[in-house]
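To start, the structure itself, in structure tokens.
In full-length UniProt numbering, the protein residues as written are 1 to 164.
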């Protein structure tokens, strides 16, 4: 890490790193939809039934690529890029579209948790969700003893435990 950055947050698997790390929380990618959408259009039982549904996809701002949706089917990983009626380039726009009933979309569970708790979103095809990944804090060895960095780590850990 360069440029005076004390702590970085990594969402996803870690590559080999010389940085120190602490796992903050697990997450999974899963499909979600609003209860209203599912009441109107039905709930798919298998990923191949997504072709019969409206989907909302996420386009990565950094690469312009559409996010592929991973599913575990019979112990094998299958990644699909659904034909999309709507594509957005920010997770908050994706969540808003899903909560408004635009269709089914795939999101990390840590993003959707409050919406699921409030009943605004419902998990779909969760039996086919891929293995869990981690949200991890990273920092260089040179920052280990920094009291502000230690306090920030503790605050992050408490926040993730509170929302787990």
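Positions of the beta carbon are idealized from the N, C-alpha and C atoms, including for glycine.
#1: Run through the DSSP bridge pairs and tell me what residue 21 is partnered with.
#2: Which ranges would you report for the beta strand (DSSP E) in the UniProt domain "LysR substrate-binding" (2 to 160) if only whole runs of at least 3 residues count?
#3: Should residue 60 go down as buried or exposed, given a rule of 16 or more other Cβ atoms within 10 Å for buried?
#4: If we ignore side chains and look at the alpha-carbon of each, how far apart do residue 37 and residue 102 end up?
#5: Taking residue 120 as the reference, give the member of 54, 148 and 39 with the closest Cα.
#6: Going by C-alpha distance, which of 97, 114 and 12 is nearest residue 58?
#7: Rounded to whole angstroms, what is the Cα-Cα separation between residue 64 and residue 70?
#8: Below 6 Å CB to CB, which residues in the same chain sit around residue 11 once its five sequence neighbours on both sides are set aside?
#9: Among the residues of its own chain, which have a CB less than 7 Å from the CB of residue 137, if the five just before and after it don't count?
#10: Taking residue 81 as the reference, give the member of 106, 133, 131 and 45 with the closest Cα.
#11: Could you say if the segment 50 to 57 and the segment 86 to 96 meet the contact criterion of at least three C-beta pairs nearer than 8 Å?
The relevant details are as follows:
#1: The count along the chain shown starts at 1 and reaches residue 21 at position 21. Answer is 138, bridged to residue 21.
#2: 8 to 11, 20 to 27, 29 to 33, 55 to 58, 69 to 73, 76 to 80, 86 to 88, 104 to 108, 122 to 124 and 133 to 139
#3: For the purposes of this step, residue 60 is taken as the residue at position 60 of the chain shown. Exposed, by the Cβ-count rule.
#4: As a first step, residue 37 is located in the chain shown; it is residue number 37 there, counting from the start. As a first step, residue 102 is located in the chain shown; it is residue number 102 there, counting from the start. Between residue 37 and residue 102, the C-alpha separation is close to 7 Å.
#5: In the chain shown, counting from the first residue as 1, residue 120 sits at position 120. When 54, 148 and 39 are compared, the shortest CA-CA separation from residue 120 is found for 39.
#6: In the chain shown, the residue the question calls residue 58 occupies position 58. If we check each option's Cα against that of residue 58, 97 comes out closest.
#7: Here residue 64 is taken as the residue at index 64 of the chain shown, counted from 1. Here residue 70 is taken as the residue at index 70 of the chain shown, counted from 1. Distance between the alpha carbons of residue 64 and residue 70: 18 Å.
#8: In the chain shown, the residue the question calls residue 11 occupies position 11. Counting only Cβ-Cβ distances below 6 Å, and skipping sequence neighbours, we find 135.
#9: Here residue 137 refers to the residue found at position 137 of the chain shown. Taken in chain order, the residues that qualify are 7, 9, 21, 22, 24, 153 and 156.
#10: Taking the chain shown and counting its residues from 1, the one referred to as residue 81 is at position 81. Here the closest residue by C-alpha is 106.
#11: yes
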